[in-house]
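Student: In case it helps, mature numbering (1 follows the signal peptide of the UniProt record, and there is no 0) puts the sequence shown at residues -18 to -1, 1 to 188.
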Amino acid sequence: MKNIFFVLLLAAFTSFNAQSSSMSFGIKGGYNLSSMKFFDEKSDSKSYFYVGALAEQALSPKFAVQAEVLYTQLGGKESYPWVEVIGNEVVNVGDMNFEYQLNQVQIPVSAKYYVIPAFSVSAGMNFGINVSTKVKSSNEFTGTNKQNFEWVKSVNFFPFLGAEYKINDKFFVDARYNFNFIEVSKENSVPMKIGFLQAGLGYRFK
């Protein structure tokens, strides 16, 4: 299903590009580093990749609007001591490890301001649609177990700030930080937020 969704959006971007001389179309990919917070307790960071496509509509020499579709994984990692009662003693038998995995199709929409022709700053909202949500638990005695992670909303919202630098007419580098201002957890569950950094390389066809 996610592959069909991705192809349809790519086709839409291509169609828009053919109809407007002031619209550019491209692809991008890079590094994603995310971390989760349960209540106010921050988890260890999780790294992954992202890949996708973009369309930018120029409004003037200084302003533009950009929409993207990306695929990535968010999450975090936690470890807790695992103890057992053996005889009359409480024995530490290792750590119980948890890794949270939220596979998402993301649709960032931003307003861009060109400080100079090669450098722009942006602000916008990233709409994250969960394709699957899993939690993986493991320890050296019971092995690894993966199950559905039911606490998370189907759609998440991440406000972001970013910047882009054009290396030349085709290639660019960009980075943005998606803030954890809005909870991703469902009502009546453990409060949970996710923030993440994205940085990578892109190519514009036009």
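Cβ atoms here follow ideal geometry from the backbone N, Cα and C, with glycine treated the same way.
(1) Would you decide whether S(-4) is buried or exposed? Buried here means 16 or more other CB atoms lie within 10 Å of its CB.
(2) Considering Cα atoms alone, identify which of F140, L179 and A35 is closest to N162.
(3) Give every residue of the same chain whose Cβ lies closer than 7 Å to the Cβ of S114, excluding the five residues on either side of it in the sequence, and list them in chain order.
(4) When the Cα of Q180 is compared with those of N14, M5 and G8, which residue comes out closest?
(5) Between the alpha carbons of F109 and I176, how many angstroms are there, rounded?
(6) Where does A100 fall in DSSP's three states?
(7) So which of P43, M78 and V33 has the shortest CA-CA distance to P99?
(8) Going by DSSP in three states, V172 sits in which element: helix, strand or coil?
(9) Taking the CB atoms as reference points, tell me whether S120 and S104 lie closer together than 7 Å.
(10) What three-state label does DSSP hand I9 in the structure shown?
(11) Below 6 Å CB to CB, which residues in the same chain sit around S29 once its five sequence neighbours on both sides are set aside?
(12) Whole angstroms are fine: how far does the CA of V155 sit from the CA of Y32?
(13) Helix, strand or coil for S4 per DSSP?
(14) Classify N160 as buried or exposed, calling it buried when 16 or more other Cβ atoms lie within 10 Å of its own Cβ.
(15) Would you mind reading off the limits of the beta strand (DSSP E) that contains F31?
(16) Tell me the DSSP secondary structure of E165 in three-state form.
(17) Considering only residues of the same chain and omitting the five flanking positions on each side of N9, which have a CB-CB separation below 6 Å?
(18) DSSP three-state label for P90, please.
Tutor: Once the coordinates are examined:
(1) Along the sequence shown, read from residue 1 onward, the residue named residue -4 stands at position 15. Residue placement at S(-4) cannot be trusted, given a pLDDT of 47 that sits under 50; what the coordinates show is reported in the next sentence. Label assigned to S(-4): exposed.
(2) Stepping through the sequence shown from its first residue, residue 162 is reached at position 180. Minimum Cα distance to N162 is reached at F140.
(3) Residue numbering aside, residue 114 sits at position 132 when the sequence shown is read from its first letter. Cβ neighbours of S114 beyond the five flanking positions: N85.
(4) Translated into positions along the sequence shown, residue 180 becomes position 198. Out of N14, M5 and G8, N14 has the C-alpha closest to the C-alpha of Q180.
(5) As a working note, residue 109 is residue 127 in the sequence shown. As a working note, residue 176 is residue 194 in the sequence shown. Distance between the alpha carbons of F109 and I176: 13 Å.
(6) Within the sequence shown, the letter at position 118 stands for residue 100. Note: A100 maps to coil in three-state DSSP.
(7) Counting from one through the sequence shown, the residue named residue 99 turns up at place 117. Residue P43 is the option with its Cα nearest to P99.
(8) Residue mapping note: residue 172 aligns to position 190 of the sequence shown, counting from 1. In this structure, V172 counts as coil in the three-state DSSP scheme.
(9) Position 138 of the sequence shown holds residue 120. Position 122 of the sequence shown holds residue 104. Result no, Cβ atoms of S120 and S104 do not sit closer than 7 Å.
(10) One-based indexing of the sequence shown puts residue 9 at position 27. In this structure, I9 counts as strand in the three-state DSSP scheme.
(11) If you number the sequence shown from 1, residue 29 lands on position 47. Excluding sequence neighbours, S29 sits near L15.
(12) Start at 1 with the first residue of the sequence shown, and residue 32 comes out as number 50. Start at 1 with the first residue of the sequence shown, and residue 155 comes out as number 173. Taking the straight line from one Cα to the other gives about 14 Å.
(13) One-based indexing of the sequence shown puts residue 4 at position 22. Reduced to three states, the DSSP call for S4 is coil.
(14) Stepping through the sequence shown from its first residue, residue 160 is reached at position 178. Looking at its Cβ environment, which holds 16 or more other Cβ atoms inside 10 Å, N160 is buried.
(15) Here residue 31 refers to the residue found at position 49 when the sequence shown is read from its first residue. Its beta strand (DSSP E) spans residues K28 to A40.
(16) Start at 1 with the first residue of the sequence shown, and residue 165 comes out as number 183. Three-state result, E165: coil.
(17) What you label residue 9 is simply residue 27 of the sequence shown in a count that begins at 1. In the sequence under discussion, the amino acid at residue 9 is Ile, which differs from the Asn named in the question. Only A35 and Y185 meet the Cβ criterion.
(18) Within the sequence shown, residue 90 is the residue found at index 108, counting from 1. Strand.
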